[in-house]
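A.B. asks:
Protein chains: 2
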Amino acid sequence: MTYCVGIQVDEGLVLASDTRTSASFDDVRVYAKTHRFVFPGDRCLALMSAGNLGTTQAVLSRLQRDLDENAAVSLRTPRRLFEVAEYIGSQLVAAQAQVNRGGRQAPVNVESTMILAGQIAGERPGLLLIYPLGNVIAASPETPYLQIGESKYGKPILDRIIRPSTSLNDAARCALVSLDSTIRSNVSVGLPIDLTLIRSDALQLAESCRLDEYSPVYQGIRDSWADQLAAAMSRLPTFPWEASRLADSGLWQQAAAQQQ
Amino acid sequence: MTYCVGIQVDEGLVLASDTRTSASFDDVRVYAKTHRFVFPGDRCLALMSAGNLGTTQAVLSRLQRDLDENAAVSLRTPRRLFEVAEYIGSQLVAAQAQVNRGGRQAPVNVESTMILAGQIAGERPGLLLIYPLGNVIAASPETPYLQIGESKYGKPILDRIIRPSTSLNDAARCALVSLDSTIRSNVSVGLPIDLTLIRSDALQLAESCRLDEYSPVYQGIRDSWADQLAAAMSRLPTFPWEASRLADSGLWQQAAAQQQ
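Residue numbers (the working numbering), protein chains in the order written: chain R, 1 to 260; chain L, 261 to 520.
Listed below in structure tokens is the structure:
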């Protein structure tokens, strides 16, 4: 499996993806799922993928070929981000169709789903989800993040924290917590994490790094979050039935002190 | 959908379930998913269900019939909890088979999955998951909780917090947080929540209550958790690139103060 999350806040865009690819439990590999295409001053794009690795790589090869050969349409030609997304969608549909060519039904699911984030000069930044059918939906102020892959474990913290006014670095920290929660709860999502920050109107990458279990940045956030969650749990209000029970056992004052 | 979680700690058992049943988006109802069967001093059982409501009610009707008619096997007869689970499993298989009787294929999934928690005099408390096939798995010290239904949103907090040494009331608070996170992120799981606490060797219910959005207990835990998560997020370590950026903009001391 895979887990990728893209976040759009007023300050810019955050992308975070894991790197675990598994064809089966005994065929697990590491592959980057974030791919960056930067043309400084003109456009800054980042693409994340979930689903069939062969399909994803076929799409990436087609995108690179069109760039190299200065094709009539490539990542560099559209003036609007949604047209870039539709171009990627058309390559995605073509790559999936190729596997089924000749009427053979593929015995596995060959679909991929992608998230495109970035900005083209003259436009505001954008965050778009590209479905296997090639159709596209955008993030919005009410829905400021998009996820693909194993998305449920890491969704609650995004729902609680992410707003358009969230700072870019706070959004990045929240994305890492969302990845960390998923990695802890699902063995099909794994380290290292690729993290990308794109600041609005910079038209280049602000930050781009890979974080593994030994990265001080990731260690610090992971350990601080774990410690703070445990502390928060211990500070939740007591139940009505606890007061009497603790009073009975002479522990009431101690519990009251913990409530401070 | 449904979300139910059962937790087994040294002090006893916690069960928490939502009450939203949906046949479709425009057919949403409220049904209890926790059913308690208490024979004080002999056995204390609680059963939670996810899946097809017709199947669940058929099973409950069969369990009650066997109790009322003093059948050879009922919830009251086995001396071991796993035999109670296997009895329930056999009724579950029978209820599912009845729908498909006559060779008609049901156009909807008629399967249910259940969690049985409780204790029989002479045994230790137990927590068991009953699959649609009637087979059963138990919780263990390494896997001290079981979930059915929409389980992924609420799993990370259980993985982080629940250990056999967790107190019964802390486990109940964690179960409510797990439900709250799921309810916030998935519209198919909804209030009110049924909460059940069974203390080891009491052979009766310790607490049993229904919590809705107006319950002070639920409000307190929900609001305190939301506030503490936001505070925890704001206290996470900064990224290396933030120090220089903030120093450049004269905000470094302010950020350093927030780190205290």
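All C-beta atoms, glycine included, are put in the ideal place defined by N, C-alpha and C.
Owing to the predicted nature of the structure, the values given are computational and were not obtained by experimental measurement.
Hey, how far is the Cα of G6(R) from the Cα of D26(R)?
C.D. replies: If you take the alpha carbons of G6(R) and D26(R), they lie about 29 Å apart.
A.B. asks: Given 8 Å as the limit, is there contact between the stretch 182-197 of chain R and the stretch 29-44 of chain R, that is, 3 or more CB pairs closer than that?
C.D. replies: The stretch 182-197 of chain R, when compared against the stretch 29-44 of chain R, does touch it at the 8 Å Cβ threshold.
A.B. asks: Give me the chain L residues within the contact set of D201(R), using Cβ-Cβ distance strictly less than 8 Å, ordered along the chain.
C.D. replies: Ordered by position in chain L, no residue passes the 8 Å Cβ test against D201(R), which lies about 16 Å from the chain.
A.B. asks: Can you check which of these residues, Q119(R), S90(R) and S61(R), is closest to R79(R) by C-alpha distance?
C.D. replies: Of the candidates Q119(R), S90(R) and S61(R), the one whose C-alpha sits nearest the C-alpha of R79(R) is Q119(R).
A.B. asks: Please check the pair S178(R) and L158(R), which I expect to be a contact at CB under 8 Å, by giving their CB distance rounded to whole angstroms.
C.D. replies: Going by Cβ atoms, the distance from S178(R) to L158(R) rounds to 6 Å, so yes, they are a contact pair.
A.B. asks: Is it true that the CB of L273(L) sits closer than 8 Å to the CB of I481(L)?
C.D. replies: Contact: no.
A.B. asks: Over what stretch of residues does the beta strand (DSSP E) that includes R210(R) continue unbroken?
C.D. replies: E207 to L211 is the extent of the beta strand (DSSP E) around R210(R).
A.B. asks: Closest by CA to G301(L), which one among V344(L), E467(L), L463(L) and N446(L)?
C.D. replies: G301(L) has its Cα closest to that of L463(L), out of V344(L), E467(L), L463(L) and N446(L).
A.B. asks: Can you list, in chain order, the stretches of the beta strand (DSSP E) that have 3 or more residues and sit fully within the stretch 346-424 of chain L?
C.D. replies: Entirely contained in the stretch 346-424 of chain L, the beta strand (DSSP E) runs reaching 3 residues are, in chain order, 372-380, 386-390, 396-398 and 405-409.
A.B. asks: Please say whether L376(L) and I397(L) have beta carbons closer to each other than 8 Å?
C.D. replies: Cβ atoms of I397(L) and L376(L): not closer than 8 Å.
A.B. asks: Mind checking which residues open and close the beta strand (DSSP E) that includes D454(L)?
C.D. replies: Here the beta strand (DSSP E) through D454(L) covers I453 to R459.
A.B. asks: In angstroms, rounded to a whole number, what distance separates the CA positions of G89(R) and Q96(R)?
C.D. replies: Approximately 11 Å between the Cα atoms of the pair.
A.B. asks: According to DSSP, is V9(R) helix, strand or coil?
C.D. replies: The answer is strand: DSSP assigns V9(R) an E or B state.
A.B. asks: Do you know offhand how far D121(R)'s Cα is from L168(R)'s?
C.D. replies: A small correction: the amino acid at residue 121(R) is Ala; Asp does not occupy that position in the sequence shown. Spanning the two alpha carbons is a distance of roughly 20 Å.
A.B. asks: So, under 8 Å CB-CB, T315(L) and E371(L) are touching, yes? Tell me the CB distance rounded to an integer number of Å.
C.D. replies: The pair is a contact, with the Cβ atoms about 7 Å apart (cut-off 8 Å).
A.B. asks: Output, in chain order, the set of chain R residues within a Cβ distance shorter than 8 Å of E467(L).
C.D. replies: The contacting residues are F239 and W241.
A.B. asks: Quick one: residues in its chain with C-beta nearer than 6 Å to the C-beta of V93(R), no 5 flanking neighbours on either side, listed in chain order?
C.D. replies: Around V93(R): G134.
A.B. asks: Suppose you measure from the CA of Q57(R) to the CA of D66(R); what does that come to, to the nearest Å?
C.D. replies: Their Cα atoms are separated by approximately 14 Å.
A.B. asks: Are the C-beta of A399(L) and some C-beta of chain R separated by less than 8 Å?
C.D. replies: Chain R contact via Cβ: absent.
A.B. asks: Which bits of chain L does I161(R) rub up against, with CB to CB less than 8 Å?
C.D. replies: Residues of chain L passing the Cβ test: L489, A490 and M493.
A.B. asks: Should A226(R) be flagged as near chain L, meaning a C-beta pair shorter than 8 Å?
C.D. replies: Yes, contact with chain L.
A.B. asks: Please decide whether C174(R) counts as near chain L, where near means a Cβ-Cβ distance under 8 Å.
C.D. replies: For C174(R), the answer is yes, since a Cβ of chain L falls inside 8 Å of its Cβ.
A.B. asks: Run down chain L in chain order and give the residues with a C-beta less than 8 Å from the C-beta of Y145(R).
C.D. replies: The contacting residues do not exist; Y145(R) stays about 12 Å from chain L at best.
A.B. asks: Please decide whether D430(L) counts as near chain R, where near means a Cβ-Cβ distance under 8 Å.
C.D. replies: Yes, D430(L) lies at the interface with chain R (some Cβ there is under 8 Å from its Cβ).
A.B. asks: Excluding the five sequence neighbours on either side, which residues of its own chain have a C-beta within less than 8 Å of the C-beta of A466(L), listed in chain order?
C.D. replies: Same-chain partners within the cutoff: G272, L428, L457, I458 and R459.
A.B. asks: Please list the terminal residues of the continuous beta strand (DSSP E) segment that includes G311(L).
C.D. replies: Per DSSP, G311(L) belongs to the beta strand (DSSP E) from R303 to G311.
A.B. asks: How close, in whole Å, do the beta carbons of L60(R) and V84(R) come, if the pair is a contact with beta carbons under 8 Å?
C.D. replies: Not a contact, Cβ separation roughly 14 Å.
A.B. asks: Is the CB-CB distance between I183(R) and A171(R) below 8 Å?
C.D. replies: No.
A.B. asks: Quick one, which residues of the stretch 208-223 of chain R are near chain L if we go by CB-CB under 7 Å, in chain order?
C.D. replies: Hits within the stretch, in order: V217, G220 and I221.
A.B. asks: Quick one: which chain L residues come within Cβ less than 8 Å of R184(R)?
C.D. replies: By Cβ distance, chain L contributes P416, D419 and R420.
A.B. asks: Between Q268(L) and A399(L), is the Cβ-Cβ spacing less than 8 Å?
C.D. replies: Result yes, Cβ atoms of Q268(L) and A399(L) sit closer than 8 Å.
A.B. asks: Using C-beta distances below 7 Å, list every residue in its chain close to S334(L), excluding the 5 sequence neighbours before and after it, in chain order.
C.D. replies: Result list for S334(L): D326 and L327, in chain order.
A.B. asks: Does Y145(R) pass the burial test, meaning 16 or more other C-beta atoms within 10 Å, or should it be called exposed?
C.D. replies: It is buried - the Cβ of Y145(R) has at least 16 other Cβ atoms within 10 Å.
A.B. asks: Name, please, each residue of chain B whose Cβ falls closer than 7 Å to the Cβ of K412(L).
C.D. replies: Among the protein chains of the structure shown, namely R and L, there is no chain B.
A.B. asks: What residues of chain L sit near S181(R), judged by a beta carbon separation below 9 Å?
C.D. replies: Simply K415, P416, I417, D419 and R420.
A.B. asks: Cβ closer than 8 Å: which chain R residues qualify as neighbours of L451(L)?
C.D. replies: Correct list: empty, because the minimum Cβ distance to chain R is about 16 Å.
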